[in-house]
Amino acid sequence: MAITALQLKDVSKDFGRIIALRKVDLSVEVGEFVSILGRNGAGKTTLLNIISGISKPSSGEVQLFGTDPSDTANKSKLAVISHEMFLYANLTALENLEYYASIYNVLNIPERIEFVLNSVELKHRRFDLVGTFSRGMTQRLTIARALLHEPSLLLLDEPFTGLDQHAIGMLTSLLLEQKQEGRTILLTTHDLHTASELSDRYVIIEKHSVMQDGPMSETTPEEIRKKYFSVQPAGVHQ
Amino acid sequence: MRSKTDKILLIVLLVSFLTSLYLIFAWAPQIKASNTAEQIAQKIFYYHVPSAWLGFLAFFIVFLASVAYLWKRDRRYELISVASAEIGVLFITLVLVTGPIWAKPVWGIWWTWDARLTSSLILWLIYVAFLMLRRYLPDGSKRANLSAVVGIIGFVDVPIVYYSIRWWETQHPKAVMASGEGSLDGDMFIAFMFALATFTLLYAYLLKKRYQLLVLEDAVNKQFKEMEIL
Amino acid sequence: MRAALSILKKDLRMEFRSKESILAMWIFSLLIFVIFNFTFEVSRLVMLEIAPGLLWVAFIFSGMFGLNHSFSVEKENGNLRSMALMPVEGGQIYLGKFLSVTFIMVFFEILIFPIFIIFYDLQLSVQMFMLIPVILAGTLGFTSLGTILSAVAVHTRNQQILLSLLLWPLVSPIVIWSVNLTGVVINGEITGSFYPLLIRVGAFDVIFFTLAYMLFDFILED
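Order-wise, the sequence lines are chains A, B and C.
For the first sequence, the working numbering gives the first residue as 2, with consecutive numbering after it.
For the second sequence, the working numbering gives the first residue as 1254, with consecutive numbering after it.
For the third sequence, the working numbering gives the first residue as 56, with consecutive numbering after it.
See the structure below:
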């Protein structure tokens, strides 16, 4: 029986002159891998903010694992990976992980840290300051940090931006691993190929609402691009 | 769009002001003073003190609106707090301007670090900072949250600031400084209360108008946004 | 509580590795003392009278560095958002930052104080020990307000200016009282009126710490 991990009903986020989301309905079951696609500014990041509990919707209902996203219990099950590092440049990789492990109440901290460091192939650099890392390495450490507390829900906000091939490959295989372990994953990206490789389902956010929601198996990246993201001839709005 | 009530309010306000000017200059007795300049300057007291009180009231409203906003997350409370803060700054500016105008002929100096003027200055700084904070942030729920927090902290500090400056005054006695209040005799009291009532009306009118303008701005922008989307 | 201590540990680790804040604060205060020496040519007697004020001017201007630094580090790598995501009460996060800012500031105050004694040729006496509660109480008021206001200001692009604009007026009672208390300890005699005033500073600390603790969640939220 499928369990609902995430439920958004008629969620809007508007504020004064800002309209970020309009009447979004979305339902995600445990173990699903959903790609959220859309142009810049369409509302994807706001959607993730609301799902993660950072932002409160102006109207509508959000439920994460049955309760409010900003519940402490939910926050322990959640991990966010975005282009922001969430790391301290002046601390070593190990120190960064120790800090987050203690905040997230991770059990068996030394073993867990070793495990995640190995997963991202950074064990040999654990005593180095994060400020000395390359972009690919910091992104790998960010991923390690996210996996430390074994989150049930992974939210990834354009995680592939600026990654080198090696890191992209690593992240892709890590995500597949997480998927196999039954984690629920939401991914926003512009990379349609990787999205179709990884996800079961795609959701297109356009003009702050859900424009399309369907299984990945029934379409291809080219089709999605043609239908929703092709360049309009001059004179047609947006 | 001027509603009927607004028009009536404006007329009442104008009448009130004219009446109050009459009361102050023609009705209330002159104080006993060494020269006419001082006598006339004293009249400022009738507007100087109400301005201070209304400034304080305005910031109290900012506080209430901020609390209401954090509780309900309703944009309207944010707008009320902004409107009230702006008007409060206006009134306090009046205090800071009328203060020296009064002080010079009466005490011979432009500025006296007395409790009311000094706390007004600090009050002014707090709420200017509040407005500047908003200016440096993009519109949205974050800005609303941050300014509400500042609105609350700022107001809780206001009585403490006033009290600490009063205390400081006692440690540094200066040349005699009558606050000008003391005991108001009958006619002066009437003129004063009338001026206070007029200013309160002015505050209410300005608040209403400013708030309406902010609401209108929002509605227009939202309309544009919706057109863009569709 | 544990989360607050983790934050404290993390901040102290970073600070004692780079010593960025403490060094900047110390040197800045030194500069203030030097410049005031040239801008105010007064007799030694008058200098003793204004020394307490000078001390607090130095503390507060330098303290701003510490406050700004504490949150700009967080802003740098999106850590404000990671704090919003943590399964930790906002108040606990505030507590952690408050403790680290206070610790660093007190450390700096201890380091600059000997310079102050030397420059103003102050006579050390037993009464000087009363400076410990006085400076501590004033510092706590400054950091309790400063921590939350720094968290607010860091969201803007002119973090330093806005922090100054917001903090200075609000922290003025602390300045007024602490300068007086410091003056009494250094120059005068501790009488009955001393303790009630010190308690007032303490009350200020408690009021604003509590207020900030309760409001911090709203700062993290979007």
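The C-beta atom is built at its ideal place from N, Cα and C for all residues, glycine as well.
Leaving out five residues on either side along the sequence, give the residues of the same chain with a beta carbon under 8 Å from the beta carbon of Val211/A. Taken in chain order, the residues that qualify are Val25, Asp26, Leu27, Val204 and Ile205.
Using a Cβ cut-off of 9 Å, which residues of the region 77–93 of chain A contact any Cβ in chain C, in chain order? Hits within the stretch, in order: Ser77, Lys78, Leu79, Ala80, Val81, Ser83, His84, Glu85, Met86, Phe87, Leu88, Tyr89, Ala90, Asn91 and Leu92.
Can you tell me whether Pro1466/B is buried or exposed, with buried defined as 16 or more other CB within 10 angstroms of its CB? Sequence inspection shows Leu at residue 1466/B; the Pro mentioned does not correspond to that position. Residue environment: Leu1466/B is assigned as exposed (fewer than 16 neighbouring CB atoms within 10 Å of its CB, all protein chains considered).
Take Asp1410/B as the anchor and find which of Lys1462/B, Phe1312/B and Ala1279/B has the nearest alpha-carbon. Looking at the Cα atoms, Phe1312/B is the closest of the given residues.
Please name the residue or residues paired with Phe34/A in a DSSP beta bridge. In the DSSP output, where bridge partners are listed per residue, Phe34/A has Ile186/A.
Using a C-beta cutoff of 8 Å, does Ser1513/B count as contacting chain C? In the structure as shown, chain B begins at 1254 and stops at 1483. Residue 1513/B is therefore absent and cannot be evaluated.
Quick one: is Ala1428/B near chain C, going by C-beta distance under 8 Å? With a pLDDT of only 47 at Ala1428/B, under 50, the local geometry of the prediction cannot be trusted, and the value read off the model is given with reservation. No, no contact with chain C.
How is Val226/C classed by DSSP in three states: helix, strand or coil? Val226/C: coil per DSSP, three-state reduction.
Name the DSSP bridge partner or partners of Pro216/A? DSSP, once it has assigned bridges, lists Arg202/A as partnering Pro216/A.
Please classify Pro228/C: is it buried, with 16 or more other beta-carbons within 10 angstroms of its beta-carbon, or exposed? The residue is buried, with at least 16 neighbouring Cβ atoms inside 10 Å.
Unbroken alpha helix (DSSP H) runs of length 4 or more, entirely within the region 1293–1360 of chain B: which are they? Whole alpha helix (DSSP H) segments, 4+ residues: 1298–1325 and 1328–1360.
Thinking C-beta only, is Ser199/C closer than 8 Å to Phe263/C? Contact flag set, yes.
Return helix, strand or coil for Thr20/A, following the three-state DSSP convention. First, the residue type needs correcting, since residue 20/A is Ile and not Thr in the sequence shown. Three-state result, Ile20/A: strand.
Are Ser76/C and Ile159/C closer than 8 Å when you measure CB to CB? Yes, they are a contact pair.
What does DSSP give as the partner residue(s) for Thr68/A in the beta ladder? Under DSSP, the beta-bridge partners assigned to Thr68/A are Leu65/A.
Measuring alpha carbon to alpha carbon, tell me which of Thr220/A, Ala90/A, Lys208/A and His209/A ends up nearest Arg202/A. Out of Thr220/A, Ala90/A, Lys208/A and His209/A, Thr220/A has the C-alpha closest to the C-alpha of Arg202/A.
At 7 Å on the CB atoms, spell out the chain B contacts of Gly209/A, in chain order. The sequence shown places His at residue 209/A, rather than the Gly named in the question. Around His209/A, the beta-carbon contacts reaching into chain B at under 7 Å are Ile1482.
Beta carbon of Leu142/A, beta carbon of Asn109/A: below 8 Å? No, they are not a contact pair.
Cβ closer than 7 Å: which chain C residues qualify as neighbours of Tyr1330/B? By Cβ distance, chain C contributes nothing, its closest Cβ being about 13 Å from Tyr1330/B, past 7 Å.
Ile1277/B and Ala1448/B closer than 8 Å at C-beta: With respect to Ala1448/B, Ile1277/B sits close: the two C-beta atoms are nearer than 8 Å.
At least three beta-carbon pairs within less than 8 Å, the region 237–254 of chain C to the region 149–165 of chain C: The answer is no - the region 149–165 of chain C does not touch the region 237–254 of chain C, with fewer than three Cβ pairs under 8 Å.
Which listed residue (Leu191/C, Leu150/C and Gln147/C) has its alpha carbon closest to that of Ile164/C: First, the amino acid is wrong: residue 164/C is Glu here, not Ile. Residue Leu191/C is the option with its Cα nearest to Glu164/C.
With Ala252/A as the anchor, note down where its beta strand (DSSP E) starts and where it stops. Residue 252/A cannot be examined here, being either before or after the span of chain A that is shown, 2 to 239.
Does DSSP put Leu118/A in a helix, in a strand, or in coil? DSSP places Leu118/A in helix when its eight states are reduced to three.
Could you pull out every residue in the same chain whose Cβ sits closer than 6 Å to the Cβ of Glu129/C, ignoring the five residues on either side in sequence? These residues qualify, in order along the chain: Leu135.
With 16 as the cutoff for other CB atoms within 10 Å, does Met24/C come out buried or exposed? The displayed coordinates of chain C run from 56 to 277. Any statement about residue 24/C would go beyond what the structure contains.
Can you tell me which of the three DSSP states Ala1431/B falls into? For Ala1431/B, the predicted structure reports a pLDDT of 49, less than 50, and the residue's modelled location is therefore unreliable. A value from the coordinates is still provided. Ala1431/B: coil per DSSP, three-state reduction.
Straight-line Cα distance separating Ile87/C from Glu96/C: Cα to Cα, the separation comes out at about 15 Å.
Secondary structure of Lys208/A, DSSP reduced to three states: Correct three-state label for Lys208/A: coil.
Where Ala1397/B falls, given that 16 or more other Cβ within 10 Å makes a residue buried: By the 10 Å Cβ count, Ala1397/B comes out buried.
Classify Ser98/C as buried or exposed, calling it buried when 16 or more other Cβ atoms lie within 10 Å of its own Cβ. Counting the other CB atoms within 10 Å of its CB gives Ser98/C a total below 16, which places it among the exposed residues.
Cβ of Val1350/B within 8 Å of Cβ of Ser1373/B? No, the Cβ-Cβ distance between Val1350/B and Ser1373/B is not below 8 Å.
Would Arg212/C pass as an interface residue toward chain B - the criterion being a Cβ-Cβ separation below 8 Å? For Arg212/C, the nearest CB of chain B lies under 8 Å from its own CB, placing it at the interface with that chain.
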